[in-house]
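For the sequence shown, numbering that gives the first Met the number 0 assigns the number 0 to the initial residue and increments by one for each residue that follows.
Please read the structure below before turning to the comments.
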Amino acid sequence: MVGSGHRRHAPAAPGVRLVFTASVGLDCLNLAACRQRGIVVAGAGVAYSEEDVADLAVGLLIDVLKKVSAGDWHMRRGLWSSEGEFALWFEGIRARSTSSPVCDDSCHSWFMAV
0 MVGSGHRRHA
10 PAAPGVRLVF
20 TASVGLDCLN
30 LAACRQRGIV
40 VAGAGVAYSE
50 EDVADLAVGL
60 LIDVLKKVSA
70 GDWHMRRGLW
80 SSEGEFALWF
90 EGIRARSTSS
100 PVCDDSCHSW
110 FMAV
């Protein structure tokens with residue numbers, strides 16, 4: 000029921016009675032096709048709020064700024080023996096987010112200068 004692929008896949012699942020999407024919004028689904036087949040459509044709604052998205056963005060910022068994933072990659076591959084220690088430092092966030100003041104608030108709550 001997603002996009003145009005539903006025409007190929009829908010006949011393979013004639014017993015489908017519910018389609019649930021974890022995305023924000025239902026525009027990824029072909030609602031007319033679902034309605035035609037009597038399929039109920041549900042979504043996560045506000046489960047993924049702006050605040051939750053901002054928290055994830057801040058988490059990704061911390062990962063990049065503190066090099067958490069890169070350090071993990073360095074350690075798991077044993078690169079400390081061939082390349083030496085992994086530097087863990089950052090200089091702060093240099094630009095203010097214009098798209099989400101909620102993200103800025105989350106950064107401030109982590110004591111980051113934005």
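Cβ coordinates follow ideal geometry from the N, Cα and C atoms, glycine included.
Determine the DSSP secondary structure at ALA21, reduced to helix, strand or coil.
-> As a working mapping, residue 21 is identified with position 22 in the sequence shown. Coil.
Quick one: any contact between the region 37 to 46 and the region 10 to 25, if contact means 3 or more CB pairs under 8 Å?
-> yes
Just the Cα atoms here: how many angstroms apart are SER80 and ASP51?
-> Position 81 of the sequence shown holds residue 80. Position 52 of the sequence shown holds residue 51. Rounded to whole angstroms, SER80 to ASP51 spans 39 Å at the Cα level.
Residue interval of the alpha helix (DSSP H) (run including MET86) | Counting from one through the sequence shown, the residue named residue 86 turns up at place 87. Just to set this straight, residue 86 is Ala in the shown sequence, not Met. Note, ALA86: premise wrong, no alpha helix (DSSP H); not H, not E.
Looking at ALA9 and ARG36, is the spacing between their C-beta atoms short of 8 Å?
-> Taking the first residue of the sequence shown as 1, we reach residue 36 at position 37. Taking the first residue of the sequence shown as 1, we reach residue 9 at position 10. Result yes, Cβ atoms of ARG36 and ALA9 sit closer than 8 Å.
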